[in-house]
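Engineer: Protein chains in written order, with my numbering: chain A, 2 to 333; chain B, 2 to 333. From the three backbone atoms N, C-alpha and C, an ideal C-beta is built for every residue, glycine too. These figures come from a predicted structure and were not determined experimentally. Have a look at this one before I ask anything.
2 protein chains.
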Amino acid sequence: MKKIFLPFLLLGTLAFCQKKYVMVIHGGAGTITKANLSPEKEKEYRETLTKALQRGYNEIKNGKSSLDAVTVAIIVMEDSPLFNAGKGAVFTNEGKNELDASIMTGNNRKAGAVAGVTTVKNPILAAKAVMQQSEHVMMAGAGAEKFAKEKGLEIVDPKYFWTERAWNSLQKVKAMEAEKKTSKNEQKLPDYFLIDQKFGTVGAVALDKNGIITAGTSTGGMTNKKFNRIGDSPIIGAGTYANDQVGLSGTGWGEFFIRTVASKTVADRMKFLKENVKDAAQASIDDIGQLGGDGGIIALDKDGNIAMSFNTEGMYRGAVTDKGEIEVYIYK
Amino acid sequence: MKKIFLPFLLLGTLAFCQKKYVMVIHGGAGTITKANLSPEKEKEYRETLTKALQRGYNEIKNGKSSLDAVTVAIIVMEDSPLFNAGKGAVFTNEGKNELDASIMTGNNRKAGAVAGVTTVKNPILAAKAVMQQSEHVMMAGAGAEKFAKEKGLEIVDPKYFWTERAWNSLQKVKAMEAEKKTSKNEQKLPDYFLIDQKFGTVGAVALDKNGIITAGTSTGGMTNKKFNRIGDSPIIGAGTYANDQVGLSGTGWGEFFIRTVASKTVADRMKFLKENVKDAAQASIDDIGQLGGDGGIIALDKDGNIAMSFNTEGMYRGAVTDKGEIEVYIYK
Chain A
2 MKKIFLPFLL LGTLAFCQKK YVMVIHGGAG TITKANLSPE KEKEYRETLT KALQRGYNEI
62 KNGKSSLDAV TVAIIVMEDS PLFNAGKGAV FTNEGKNELD ASIMTGNNRK AGAVAGVTTV
122 KNPILAAKAV MQQSEHVMMA GAGAEKFAKE KGLEIVDPKY FWTERAWNSL QKVKAMEAEK
182 KTSKNEQKLP DYFLIDQKFG TVGAVALDKN GIITAGTSTG GMTNKKFNRI GDSPIIGAGT
242 YANDQVGLSG TGWGEFFIRT VASKTVADRM KFLKENVKDA AQASIDDIGQ LGGDGGIIAL
302 DKDGNIAMSF NTEGMYRGAV TDKGEIEVYI YK
Chain B
2 MKKIFLPFLL LGTLAFCQKK YVMVIHGGAG TITKANLSPE KEKEYRETLT KALQRGYNEI
62 KNGKSSLDAV TVAIIVMEDS PLFNAGKGAV FTNEGKNELD ASIMTGNNRK AGAVAGVTTV
122 KNPILAAKAV MQQSEHVMMA GAGAEKFAKE KGLEIVDPKY FWTERAWNSL QKVKAMEAEK
182 KTSKNEQKLP DYFLIDQKFG TVGAVALDKN GIITAGTSTG GMTNKKFNRI GDSPIIGAGT
242 YANDQVGLSG TGWGEFFIRT VASKTVADRM KFLKENVKDA AQASIDDIGQ LGGDGGIIAL
302 DKDGNIAMSF NTEGMYRGAV TDKGEIEVYI YK
């Protein structure tokens, strides 16, 4: 008898020990080190990430959908000036704020996305409306705004997105660009600056009591952006993806996430190679690194396992278990 | 001796018999049957597809890159009023022509895309310029046009894209939409009409003498399109993808190609499951069919094998071998 029961006992104990997560979030990856983040700012980030996780957890706990959980968590981050999404969006070269977002539910692989909206307070809600209330997946610019307005979403004056931090950031980048142009020896911009222009995107993945996974991503794009550039955040398969096995949200140098189709690669490695979520997410980030890009990706699989992989110095991130235990991390 | 050499002889003969393709193209999938295509129109389609293949083949034969081959082949189709790309682009709900295109080279996985441009004569050249002359992958609307102009691409008056066929198509769809709105029994639009609004995209994949694969796609979107909808054609991983093993271009109901990340799925099935190009392309189209969508996908792998899979009644398509043999097909 002992011989038979011991393995079961061990397996049972393992299952008990193994945490089952119901949500994972990120608030951007980049050159985030103890040295360049004041204790006060660090506290603010930790508090806001915790609030987002708590709100998302409450939805799941109350039997709401992972779509609801992802939406409320992302809205917390969009409404905070700390992140490059919603309120805290960075400025384009022309001094505007152009926001992108996307969302996808894994069970039916339905998806919605908006690119380059300037007046929608919460772009993640516009992405959700595109998914649920249109026959399309992706809408851009004025058309997306018209649609959001028709669906009754909150429209704000573009001035709402003005923050001192984002504005100063644009002035700094422009000044450095001008200096570069006039400088005879074609000085390169410091790497940390070039990199940090591209980061700050927020995202969330949740798993509800029905086993349905939803993933969402929202961003303000990159400081000093030109030519209506679209990054990976509104691109299904790049910045956001979900199927019945896993949900994903990326943050980082968007061009590399598009070229590697980063999120879909993780899902396909799990589906076709039977890799676990951690190995698959790491492989996708490694691939981005090999091409010369950087950033991070969060993932949550159908069994409640998470991955938070990144090849930058830090990533604002966190997760919550089915027991409501919240974990928040910033540095490596 | 006989026993040893016979298998080699057979394999050698097989290798000799097996055609090696250097380019495959499509001009859209949809309800294309003998019954609704006049012999004159069929001839025009066959001639233009042949011309595109011939031009592309000449590039490859002369040692040019697959990027050059894809570009010239797509330009032939963009400049023809027969296809829903470039000159023949369909009209949006507002009576405008908004064009999308993307291109990707497999060896370095570099990519470029434009969405919603209205004044660039050849959107595939704008996608190529984004890939080669910017640090971005995707640009949209006015920004993309500004960039194209700065790079010296041919800019045309939006009137250039007016064709009687596309204009009449918009009027018909609008009339049917109005009828639907006033009809008490909420008649559905005939399926063939709904479907054919979404098709006509063109694409090409080529393999050059250096073994480099390039894939490109160009479209005028869908008739009566609203809200600046973006389809799959400018989305890397959905409408276009290339790596060192295979290149792909899709055409069809774009929303389903985005949700399934159709092109990347084919590439991943080949890479991770070791499927051949035909099985992998068919699996991706089957998946789209299971979700309720339709369309087609063309593929060319590093060994010169092709796939032209579709679940519609027809797809304008063709391929050319390394010997210059041209094949053109329309129906199933």
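1) Give me the Cα-Cα distance between residue 81/A and residue 24/A, rounded to the nearest whole angstrom.
2) Just to confirm my understanding: we take residue 33/A, look at its own chain, exclude 5 residues before and 5 after, and list those with CB closer than 8 Å. What are they?
3) On a CA-only basis, which of 213/B, 22/B and 121/B is nearest residue 158/B? Give me that one, please.
4) Quick check for students: name the residue ranges of the beta strand (DSSP E) that lie wholly in the segment 97-152 of chain B, counting only runs of 3 or more.
5) Any beta carbon of chain B sitting closer than 7 Å to that of residue 139/A?
6) Identify, in the order they occur along the chain, each residue of the same chain with its Cβ nearer than 8 Å to the Cβ of residue 229/A, setting aside the five sequence neighbours on each side.
7) Let's see if you can read the secondary structure: which residues bound the alpha helix (DSSP H) around residue 64/B?
8) Which residue comes first and which comes last in the alpha helix (DSSP H) that contains residue 256/A?
9) Cβ of residue 303/A less than 7 Å from any chain B Cβ?
10) Do residue 294/B and residue 90/B have their CB atoms nearer than 7 Å?
11) Does any residue of chain B bring its CB to less than 7 Å from the CB of residue 148/A?
12) Which term fits residue 40/B, buried or exposed, when burial requires 16 or more other beta carbons within 10 angstroms of its beta carbon?
13) Please report the residue range of the beta strand (DSSP E) in which residue 301/B lies.
14) Assuming residue 127/A and residue 171/A are in contact, meaning their beta carbons sit under 8 Å apart, how far apart are those beta carbons, in whole angstroms?
15) Given a limit of 9 Å on CB to CB distance, which residues of the segment 262-274 of chain A reach chain B?
16) From this set, 264/A, 266/A, 63/A and 83/A, which residue's C-alpha is nearest residue 50/A's C-alpha?
17) Taking just the CA atoms, how far does residue 257/B sit from residue 343/A?
18) In its own chain, which residues sit with a C-beta less than 6 Å from the C-beta of residue 261/A, not counting the 5 before and 5 after it?
19) With 7 Å as the threshold, decide whether the Cβ of residue 192/B is near any Cβ in chain A.
20) Among the residues of its own chain, which have a CB less than 6 Å from the CB of residue 268/A, if the five just before and after it don't count?
21) Using a Cβ-Cβ cut-off of 8 Å (strictly less than) and excluding sequence neighbours within five positions of residue 292/A, which residues of its own chain qualify?
22) Excluding five sequence neighbours on each side, which residues of the same chain lie with their C-beta closer than 7 Å to the C-beta of residue 213/A?
23) Please classify residue 327/B: does DSSP put it in a helix, a strand, or coil?
24) Tell me residue 242/B's beta-bridge partners as DSSP assigns them.
25) Pick helix, strand or coil for residue 220/B, following the three-state DSSP scheme.
26) Does any residue of chain B bring its CB to less than 7 Å from the CB of residue 144/A?
27) Would residue 284/A count as contacting chain B if we go by Cβ distances under 7 Å?
28) Using a Cβ cut-off of 9 Å, pull out every chain A residue sitting near residue 227/B, in sequence order please.
29) Do you know whose CA, among 297/B, 299/B, 61/B and 138/B, lies nearest residue 115/B's CA?
30) Let me know the secondary structure DSSP gives residue 226/A once reduced to three states.
31) Going along chain B, which residues have a C-beta under 8 Å from residue 290/A?
32) List, in order along the chain, the chain A residues whose C-beta lies closer than 7 Å to that of residue 236/B?
33) Taking residue 266/B as part of the beta strand (DSSP E), name the residues at either end of that continuous run.
34) Looking at the secondary structure, which residues open and close the beta strand (DSSP E) in which residue 204/A lies?
35) Would you identify the three-state DSSP class for residue 77/B, choosing helix, strand or coil?
36) Measuring alpha carbon to alpha carbon, tell me which residue in 281/A, 270/A, 79/A and 52/A is nearest residue 164/A.
Structural biologist: On the basis of the supplied data:
1) What you label residue 81/A is simply residue 80 of the first sequence in a count that begins at 1. What you label residue 24/A is simply residue 23 of the first sequence in a count that begins at 1. C-alpha separation (whole angstroms): 19 Å.
2) Numbered from 1 along the first sequence, position 32 holds the residue referred to as residue 33/A. Hits under 8 Å: 313, 314, 315, 316, 317, 331 and 332.
3) Against the second sequence, residue 158/B aligns to sequence position 157. The residue with the shortest Cα to Cα distance from residue 158/B is 121/B.
4) Contiguous beta strand (DSSP E) elements confined to the segment 97-152 of chain B occur at 100-106, 111-118 and 139-141, taking only those with 3 or more residues.
5) Translated into the one-based positions of the first sequence, residue 139/A becomes position 138. Yes, its Cβ sits closer than 7 Å to a Cβ of chain B.
6) Sequence index remark: in the first sequence, residue 229/A carries index 228 (1-based). Answer for residue 229/A: 99, 117 and 142, listed in chain order.
7) Looking up residue 64/B in the second sequence gives position 63. No alpha helix (DSSP H) holds residue 64/B; DSSP gives it neither H nor E.
8) As a position in the first sequence, residue 256/A is number 255, starting the count at 1. Note, residue 256/A: alpha helix (DSSP H), 255-260.
9) Within the first sequence, numbered from 1, the residue matching residue 303/A stands at position 302. Chain B, which has no Cβ nearer than 7 Å to the Cβ of residue 303/A, makes this no.
10) Here residue 294/B refers to the residue found at position 293 when the second sequence is read from its first residue. Here residue 90/B refers to the residue found at position 89 when the second sequence is read from its first residue. Against a cut-off of 7 Å, the Cβ pair of residue 90/B and residue 294/B comes out as no contact.
11) Along the first sequence, one-based indexing puts residue 148/A at 147. So yes, residue 148/A belongs to the interface.
12) Position 39 of the second sequence, counted from the start, is the residue given in the question as residue 40/B. Residue 40/B counts as exposed, since fewer than 16 other C-beta atoms from the protein chains shown sit within 10 angstroms of its C-beta.
13) The residue labelled residue 301/B in the question sits at position 300 within the second sequence. Looking at the DSSP string, the run of the beta strand (DSSP E) that includes residue 301/B is 296-302.
14) Walking along the first sequence from the start, residue 127/A turns up at place 126. Walking along the first sequence from the start, residue 171/A turns up at place 170. With 8 Å as the limit, residue 127/A and residue 171/A do not qualify as a contact, their Cβ atoms being about 24 Å apart.
15) 262, 264, 265, 266, 268, 269, 270, 272, 273 and 274
16) Taking the first sequence and counting its residues from 1, the one referred to as residue 50/A is at position 49. Taking the Cα of residue 50/A as reference, the smallest distance to any Cα among 264/A, 266/A, 63/A and 83/A is reached at 83/A.
17) Any question about residue 343/A goes unanswered here, given that chain A covers just 2 to 333.
18) Start at 1 with the first residue of the first sequence, and residue 261/A comes out as number 260. Once the five neighbours on either side are set aside, the close Cβ partners of residue 261/A are 288 and 289.
19) The residue you call residue 192/B lines up with position 191 of the second sequence. Confidence at residue 192/B is low in this model, with a pLDDT of 44, below 50, so the placement of that residue is unreliable and no value is reported for it.
20) Numbered from 1 along the first sequence, position 267 holds the residue referred to as residue 268/A. Only 242, 244 and 247 meet the Cβ criterion.
21) The residue you call residue 292/A lines up with position 291 of the first sequence. Within the same chain, residue 292/A has close Cβ partners 257, 260 and 261.
22) Taking the first residue of the first sequence as 1, we reach residue 213/A at position 212. So the list reads 66, 67, 106, 107 and 108, once near-sequence residues are dropped.
23) Sequence index remark: in the second sequence, residue 327/B carries index 326 (1-based). Strand, per DSSP.
24) Indexing the second sequence from 1 puts residue 242/B at position 241. In the DSSP output, where bridge partners are listed per residue, residue 242/B has 249/B.
25) Taking the first residue of the second sequence as position 1, residue 220/B is located at position 219. Residue 220/B falls in the strand class under three-state DSSP.
26) As a working mapping, residue 144/A is identified with position 143 in the first sequence. So yes, residue 144/A belongs to the interface.
27) Along the first sequence, one-based indexing puts residue 284/A at 283. Closer than 7 Å: no.
28) Translated into positions along the second sequence, residue 227/B becomes position 226. The answer, in chain order, is 135, 137, 140, 144, 147 and 148.
29) Position 114 of the second sequence, counted from the first residue, corresponds to residue 115/B. Nearest of 297/B, 299/B, 61/B and 138/B to residue 115/B, Cα basis: 138/B.
30) For this step, residue 226/A is matched to residue 225 along the first sequence. Reduced to three states, the DSSP call for residue 226/A is strand.
31) Position 289 of the first sequence holds residue 290/A. Simply none; closest approach about 14 Å.
32) Position 235 of the second sequence holds residue 236/B. In chain order: 236.
33) Numbered from its first residue, the second sequence carries residue 266/B at position 265. First-last for residue 266/B: 263-274, but that is the alpha helix (DSSP H), not the beta strand (DSSP E).
34) Sequence index remark: in the first sequence, residue 204/A carries index 203 (1-based). Per DSSP, residue 204/A belongs to the beta strand (DSSP E) from 203-208.
35) Locating residue 77/B in the second sequence gives position 76, counting from the first residue. Residue 77/B falls in the helix class under three-state DSSP.
36) For this step, residue 164/A is matched to residue 163 along the first sequence. Residue 164/A has its Cα closest to that of 79/A, out of 281/A, 270/A, 79/A and 52/A.
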